[in-house]
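Trainee: Quick note, the sequences are listed as chains A and B, same order.
Quick note on numbering: the first sequence equals residues 32 to 52 in this note's numbering.
Quick note on numbering: the second sequence equals residues 264 to 417 in this note's numbering.
The C-beta atom is built at its ideal place from N, Cα and C for all residues, glycine as well.
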Amino acid sequence: SQLSLYTSPSLPNITLGLPAT
Amino acid sequence: DNLSIHQLAAHGEISQLEVHLSKDSSLLNSQDERGFTPLMWAAAFGEIMMVEFLLQKGADPRTLARERESALSLASAGGFADIVNILLQHGVDIDSYDWNGGTPLLYAVRGNHIKCVEALLRCGADITFEADSGYSPVALAVALGHKKGQESLL
Numbered sequence: 032s033q034l035s036l037y038t039s040p041s042l043p044n045i046t047l048g049l050p051a052t
Numbered sequence: 264d265n266l267s268i269h270q271l272a273a274h275g276e277i278s279q280l281e282v283h284l285s286k287d288s289s290l291l292n293s294q295d296e297r298g299f300t301p302l303m304w305a306a307a308f309g310e311i312m313m314v315e316f317l318l319q320k321g322a323d324p325r326t327l328a329r330e331r332e333s334a335l336s337l338a339s340a341g342g343f344a345d346i347v348n349i350l351l352q353h354g355v356d357i358d359s360y361d362w363n364g365g366t367p368l369l370y371a372v373r374g375n376h377i378k379c380v381e382a383l384l385r386c387g388a389d390i391t392f393e394a395d396s397g398y399s400p401v402a403l404a405v406a407l408g409h410k411k412g413q414e415s416l417l
């Protein structure tokens, strides 16, 4: 069976889109 | 048949990965161009049996990638509480932080992964640690409206 390639893991930006504290 | 050991780890292909290891055991902790190890790929993609297999083979759960990402942060961000628990049993740094000051607990709160939040809190994750942007886990849960996360933290 052909396995599709996964893209490299990445971590999201913690506070993207939130107002600056 | 020519998938890298990292791709095989992400797909949970233990038998194929074992073939790679039998030819070159140093691949166990090999880091890709961003510094991610096979264990990190398995943790990021929720492959619990692969995580257990790699740890049993001696993979180092404490390795950090180039921007200080950790297997524990990847599992927490992905909401894989079982893998979080396994990694915590292997003496990883529960409060490791990375390029944007994210800790495993912050990633778990951001993703609203309550089981991960609770597993990390049970093991003493630092609840006061703030992201670079100044958000503590509680402030992040409030800002994102994650009620359960707030309850767990409070």
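Where does residue 293(B) fall in DSSP's three states?
Mentor: The residue given as residue 293(B) occupies position 30 in the second sequence. The answer is coil: DSSP assigns residue 293(B) none of H, G, I, E or B.
Trainee: In the DSSP assignment, find the alpha helix (DSSP H) that holds residue 345(B) and state where it starts and stops.
Mentor: To locate residue 345(B), count along the second sequence from 1; it is residue 82. That run of the alpha helix (DSSP H) goes 344-351.
Trainee: Roughly how many angstroms lie between the CA atoms of residue 364(B) and residue 400(B), to the nearest whole one?
Mentor: Within the second sequence, numbered from 1, the residue matching residue 364(B) stands at position 101. Within the second sequence, numbered from 1, the residue matching residue 400(B) stands at position 137. Taking the straight line joining both Cα atoms gives about 12 angstroms.
Trainee: Would you grab the beta carbon distance between residue 52(A) and residue 398(B) for me? Rounded to a whole angstrom, and I think it's under 8 angstroms.
Mentor: As a working mapping, residue 52(A) is identified with position 21 in the first sequence. As a working mapping, residue 398(B) is identified with position 135 in the second sequence. The pair is a contact, with the Cβ atoms about 6 angstroms apart (cut-off 8 angstroms).
Trainee: Give the range of the alpha helix (DSSP H) segment to which residue 33(A) is assigned.
Mentor: Walking along the first sequence from the start, residue 33(A) turns up at place 2. Here residue 33(A) belongs to no alpha helix (DSSP H), and DSSP marks it neither H nor E.
Trainee: In angstroms with no decimal places, state the Cα-to-Cα distance between residue 313(B) and residue 284(B).
Mentor: The residue given as residue 313(B) occupies position 50 in the second sequence. The residue given as residue 284(B) occupies position 21 in the second sequence. Their backbone Cα atoms lie some 13 angstroms apart in a straight line.
Trainee: Excluding the five sequence neighbours on either side, which residues of its own chain have a C-beta within less than 6 angstroms of the C-beta of residue 367(B), listed in chain order?
Mentor: Here residue 367(B) is taken as the residue at index 104 of the second sequence, counted from 1. Counting only Cβ-Cβ distances below 6 angstroms, and skipping sequence neighbours, we find 335, 336, 339 and 383.
Trainee: Keeping to the same chain, check which residues put their C-beta closer than 7 angstroms to that of residue 378(B); ignore five residues upstream and five downstream.
Mentor: What you label residue 378(B) is simply residue 115 of the second sequence in a count that begins at 1. Counting only Cβ-Cβ distances below 7 angstroms, and skipping sequence neighbours, we find 344.
Trainee: Can you list, in chain order, the residues of the region 296-318 of chain B whose Cβ is nearer than 9 angstroms to any Cβ on chain A?
Mentor: Hits within the stretch, in order: 296, 297, 299, 303, 304, 306, 307 and 308.
Trainee: Check whether the Cβ of residue 332(B) lies closer than 8 angstroms to any Cβ atom in chain A.
Mentor: Reading the second sequence from its first residue, position 69 is the one you call residue 332(B). By this cut-off, residue 332(B) is an interface position.
Trainee: Can you find a C-beta in chain A that's less than 8 angstroms from the C-beta of residue 322(B)?
Mentor: Numbered from 1 along the second sequence, position 59 holds the residue referred to as residue 322(B). Residue 322(B) does not count as touching chain A.
Trainee: Which residues bound the alpha helix (DSSP H) around residue 269(B)?
Mentor: Residue numbering aside, residue 269(B) sits at position 6 when the second sequence is read from its first letter. 268-274 is the span of the alpha helix (DSSP H), which, as asked, contains residue 269(B).
Trainee: If you draw a straight line from the C-alpha of residue 37(A) to the C-alpha of residue 403(B), how long is it?
Mentor: Against the first sequence, residue 37(A) aligns to sequence position 6. Against the second sequence, residue 403(B) aligns to sequence position 140. Those two C-alpha atoms are separated by around 29 angstroms.
Trainee: List, in order along the chain, the chain A residues whose C-beta lies closer than 7 angstroms to that of residue 373(B)?
Mentor: By one-based count along the second sequence, residue 373(B) stands at place 110. Simply 43 and 45.
Trainee: In chain A, which residues lie with their C-beta within 9 angstroms of the C-beta of residue 370(B)?
Mentor: Position 107 of the second sequence holds residue 370(B). Within chain A, the residues near residue 370(B) are 42, 43 and 45.
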